[in-house]
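What follows is a single structure, written as structure tokens, with notes after it.
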Amino acid sequence: LAQAVYQQTLAAVARRVAHFAPGAMGKTSAPKPEPTGMAAGLNKGFIVTRREMKQKPSYRRGRKSERVGLVREVVREVVGFAPYERRMIELIKIGSASTFKRSLKLAKKRLGTHRRGKKKRDEMSEAVSAMRRKA
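For the sequence shown, this note's numbering assigns the number 52 to the initial residue and increments by one for each residue that follows.
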């Protein structure tokens, strides 16, 4: 029994280490190994048939729906840009690398994080290119 548990533990550790391959982040969708029915070891427990569960609604959190995108577009048309966004647009219009970086600094200062700043800068540069396409 001890030998079987030891073999099983080694196999499970090897599977777990394989999950942490470079570039793999977050949860992986590897199937959980079947329980052995033994009272010891990593896969201990009563053998049961696994049910296929419906996906949780929380898994789609952060994904933008069509309706939300449309509402935001309409609001942007009606309300326009915030003062700091207009300033960012002016910096991006100048077109030099230093003003592009300066616009990121401004966005970071206003929004709090580097990632939000980059996203806002991309959004504003997209707005500038859309204005150029219209004209």
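In this text, a Cβ means the ideal position worked out from N, Cα and C, and glycines have one as well.
Since the structure is predicted, the reported quantities are computational estimates derived from the model, not experimental observations.
Residue state for residue 59 is assigned as helix, using DSSP reduced to three classes.
Counting only the Cα atoms, residue 148 lies some 34 Å from residue 116. Rounded to the nearest whole angstrom, the CA to CA distance from residue 134 to residue 118 is 26 Å.
Rounded to the nearest whole angstrom, the C-alpha separation of residue 82 and residue 98 is 15 Å. According to the DSSP assignment, residue 175 belongs to the alpha helix (DSSP H) that extends over 165-185. Straight through space, the alpha carbons of residue 113 and residue 146 are spaced by roughly 32 Å. Within the same chain, and ignoring the five residues on either side of residue 179 in sequence, the residues whose Cβ sits closer than 7 Å to its Cβ are 140, 143, 144. Sorting 111, 94, 85 by C-alpha distance to the C-alpha of residue 102 places 85 at the top. Secondary structure at residue 93: coil, using DSSP grouped into helix, strand and coil.
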